[in-house]
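Colleague: Read in order, the letters of the sequence shown correspond to residues 55 to 461 in my numbering.
Even for Gly, the Cβ is constructed at its ideal location relative to N, Cα and C.
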Amino acid sequence: MALIVQKYGGTSVGSVERIQAVAKKIKAFADNGDQLVVSVSAMSGETNRMTALAKDVQETPSLREMDVLLTTGEQVTISLLSMALQQLGCDAISYTGSQVRITTDSEHGKARIKSIDDHRIRESLEAGKVVVVAGFQGVDEDGHITTLGRGGSDTTAVALAAALNADECQIYTDVDGVYTADPRIEPKARKMNTVSYEEMLEMASLGSKVLQIRSVEFASKYKVPLRVLSSLIDNPVGTLITSEENIMEQAIISGIAHNIDEAKLSLIGVPDEPGIAYKILKPISEANIEVDMIVQSVSAREGLTNFAFTVHRNDFDKAQAILQSICDELSAMGVQTDDKVVKVSLVGIGMRSHAGIATQMFKVLHQENINIQMISTSEIKISVVIDEKYLELAVRSLHNAFELDKE
Ligand code: ADP
Ligand code: ASP
Ligand code: MG
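Laid out in structure tokens, this is it:
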């Protein structure tokens with residue numbers, strides 16, 4: 055008998071028919087004697103719909119009230135899924151995050167899980183029930199409802215699997231695994247059988263939204279065997295995310311990630327002197343804006359330099375206003391901004407031992423006449439910022455040049 059934690063994403067529970075189909079799949083596991091804890095997302099589109107409603111009512115919606123609102127999406131699906139299971143004769147019970155007691159910090163909208171009380175879940179499992187838990191939500195120490203950030207149901211599932219010491223955590227979605235690139239951008243993307251935690255973490259943080267970053271962090275920290283697979287087909291195999299030592303064949307490049315949420319801001323002609331980066335980025339971080347890439351150029355002319363960085367597009371307006379005031383304070387020459395950029399990244403553990411990958415990447419982009427605006431590298435990734443209109447061309451030509459469609 056195995057203890058399995060499963061998570062079904064928004065598309066997988068997007069209609070009554072889909073919920074019924076998911077219930078059938080779960081029942082088959084239960085009939086097989088496995089113990090099941092199932093975490094679900096809201097029906098697809100619901101979280102976006104409610105976010106838009108909030109914006110119609112309040113200019114900048116209260117973060118606390120947003121969490122009260124958005125968590126209702128998952129409350130709908132846990133109850134419907136439990137009913138669908140009961141209808142099939144499979145005993146099931148649903149719990150919200152606060153009923154389980156998934157305790158988080160108090161950062162509304164992007165709370166982190168601090169602890170999970172497993173006693174209720176264990177009691178229900180021992181009573182022979184399938185336990186259905188609302189994804190994406192928790193409660194802080196004072197009882198306020200919190201959410202874990204977009205895509206947070208993945209993290210709920212992995213954290214539950216870690217807390218319960220489950221045999222496997224299965225993330226069911228609308229694709230059968232992790233591909234060498236987003237299959238919506240590159241139809242020739244190939245499904246990978248295994249991916250290391252480290253590469254998956256890099257892919258997720260570089261924009262591959264198939265898994266929320268924090269879910270991969272949890273899986274890696276607690277060594278949770280994690281599988282991504284399709285809820286839309288029978289007998290899916292999916293992709294196993296596991297430790298590097300369990301991976302037999304390691305390609306140099308495993309995948310291409312892209313992020314369309316980037317916006318670029320530059321301060322032109324600032325004095326090239328100690329403290330400049332600090333003076334520019336301090337007010338940005340004080341406004342709670344996360345900075346991604348940073349590039350400071352070599353002094354272009356006598357004692358002046360340019361300083362550029364990227365932020366999430368949601369923070370673009372706020373960052374632009376702050377940078378304008380810094381520009382005046384530092385008597386810089388001007389501010390330049392562009393919110394029509396994307397980041398494309400090559401990821402692979404094999405890069406550690408192979409030189410020349412960056413050069414090869416730049417050559418491909420040059421051949422396609424794609425201008426690189428910013429570059430950043432680490433041991434296992436190379437990222438470039440380019441104009442958003444070249445996104446598909448860049449992903450597809452890199453995929454082709456590095457032969458990622460071949461095993
Ligand atoms: P869910 O609602 O099930 O959580 P998501 O939309 O969050 O589903 O994640 C699944 C989607 O992730 C896929 O439909 C796919 O377009 C996208 N995706 C991005 N990068 C990848 C990748 N490398 N492999 C697979 N899917 C990816
Ligand atoms: N419903 C939430 C979202 O759309 C959480 C999730 O689906 O994982 O982001
Ligand atoms: Mg998701």
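Pull up the distance between the alpha-carbon of Asp196 and that of Thr150, whole angstroms please.
Modeller: As a working mapping, residue 196 is identified with position 142 in the sequence shown. As a working mapping, residue 150 is identified with position 96 in the sequence shown. The straight-line gap from Cα to Cα measures roughly 16 Å.
Colleague: Would you please state the rounded distance, in angstroms, between the beta carbons of Leu260 and Lys435? I believe it to be under 8 Å.
Modeller: Here residue 260 is taken as the residue at index 206 of the sequence shown, counted from 1. Here residue 435 is taken as the residue at index 381 of the sequence shown, counted from 1. Taking a contact as a CB-CB distance under 8 Å, the pair Leu260 and Lys435 counts as one, their CB atoms being some 7 Å apart.
Colleague: Between Asp208 and the ligand MG, is the CB less than 7 Å from at least one heavy atom?
Modeller: In the sequence shown, residue 208 corresponds to position 154, counting from 1. Asp208: yes, Cβ under 7 Å from the ligand MG.
Colleague: With Ile147 and Ser136 assumed to form a contact (beta carbons below 8 Å), what rounded beta-carbon distance in angstroms separates them?
Modeller: Position 93 of the sequence shown, counting from 1, holds the residue named residue 147. Position 82 of the sequence shown, counting from 1, holds the residue named residue 136. Ile147 to Ser136, Cβ: 6 Å. Contact.
Colleague: Taking only runs that begin and end inside the segment 315-371, name each unbroken alpha helix (DSSP H) of 4 or more residues, in chain order.
Modeller: 330-340
Colleague: So Tyr251 is in the alpha helix (DSSP H); what residue range does that whole segment cover?
Modeller: Position 197 of the sequence shown holds residue 251. Tyr251 to Ser259 is the span of the alpha helix (DSSP H), which, as asked, contains Tyr251.
Colleague: Mind checking whether the beta-carbon of Gly205 lies closer than 7 Å to any heavy atom of the ligand ADP?
Modeller: Working through the sequence shown from its first residue, we reach residue 205 at position 151. Yes, the beta carbon of Gly205 sits closer than 7 Å to at least one heavy atom of the ligand ADP.
Colleague: With a threshold of 8 Å, are at least 3 pairs of Cβ atoms found where one atom belongs to the segment 441-457 and the other to the segment 222-240?
Modeller: Taking 8 Å as the limit for Cβ pairs, the verdict is that the segment 222-240 does touch the segment 441-457.
Colleague: Report the rounded CA-to-CA distance for Gly182 versus Gly192, giving the unit in angstroms.
Modeller: For this step, residue 182 is matched to residue 128 along the sequence shown. For this step, residue 192 is matched to residue 138 along the sequence shown. Taking the straight line from one Cα to the other gives about 25 Å.
Colleague: Going by alpha carbons, who is nearest to Lys275 out of Ser250, His366, Lys263 and Gln153?
Modeller: As a first step, residue 275 is located in the sequence shown; it is residue number 221 there, counting from the start. Out of Ser250, His366, Lys263 and Gln153, Ser250 has the C-alpha closest to the C-alpha of Lys275.
Colleague: In whole angstroms, what separates the C-alpha of Arg118 from that of Ala188?
Modeller: Position 64 of the sequence shown, counted from the first residue, corresponds to residue 118. Position 134 of the sequence shown, counted from the first residue, corresponds to residue 188. In a straight line, the C-alpha of Arg118 is about 18 Å away from that of Ala188.
Colleague: Whole angstroms are fine: how far does the CA of Met97 sit from the CA of Met405?
Modeller: By 1-based counting over the sequence shown, the position of residue 405 is 351. By 1-based counting over the sequence shown, the position of residue 97 is 43. If you take the alpha carbons of Met405 and Met97, they lie about 39 Å apart.
Colleague: Could you tell me the alpha carbon to alpha carbon distance between Gln494 and Glu446, rounded to whole angstroms?
Modeller: The displayed coordinates of the chain run from 55 to 461. Any statement about residue 494 would go beyond what the structure contains.
Colleague: At which residues does the alpha helix (DSSP H) containing Gly151 begin and terminate?
Modeller: Locating residue 151 in the sequence shown gives position 97, where the first residue counts as 1. Start and end: Gly151 to Val154.
Colleague: Output needed for Ala84: all residues of its chain with C-beta closer than 7 Å, excluding positions within five of it in sequence on either side, in chain order.
Modeller: The residue given as residue 84 occupies position 30 in the sequence shown. Within the same chain, Ala84 has close Cβ partners Leu90, Cys144 and Val184.
Colleague: Which of helix, strand or coil does DSSP assign to Glu222?
Modeller: Position 168 of the sequence shown, counted from the start, is the residue given in the question as residue 222. In this structure, DSSP gives Glu222 an extended state, which the three-state scheme calls strand.
Colleague: Less than 8 Å between the beta carbons of Arg281 and Glu222, yes or no?
Modeller: Within the sequence shown, the letter at position 227 stands for residue 281. Within the sequence shown, the letter at position 168 stands for residue 222. Yes.
Colleague: Going by beta-carbon coordinates alone, are Ile287 and Gly402 separated by less than 8 Å?
Modeller: Along the sequence shown, one-based indexing puts residue 287 at 233. Along the sequence shown, one-based indexing puts residue 402 at 348. Not closer than 8 Å, so no.
Colleague: Is the CB-CB distance between Asp236 and Ser284 below 8 Å?
Modeller: Counting from one through the sequence shown, the residue named residue 236 turns up at place 182. Counting from one through the sequence shown, the residue named residue 284 turns up at place 230. Result no, Cβ atoms of Asp236 and Ser284 do not sit closer than 8 Å.
Colleague: Compare the beta carbon distance of Ser320 and Phe361 with 8 Å and say whether it is the shorter of the two.
Modeller: If you number the sequence shown from 1, residue 320 lands on position 266. If you number the sequence shown from 1, residue 361 lands on position 307. Result yes, Cβ atoms of Ser320 and Phe361 sit closer than 8 Å.
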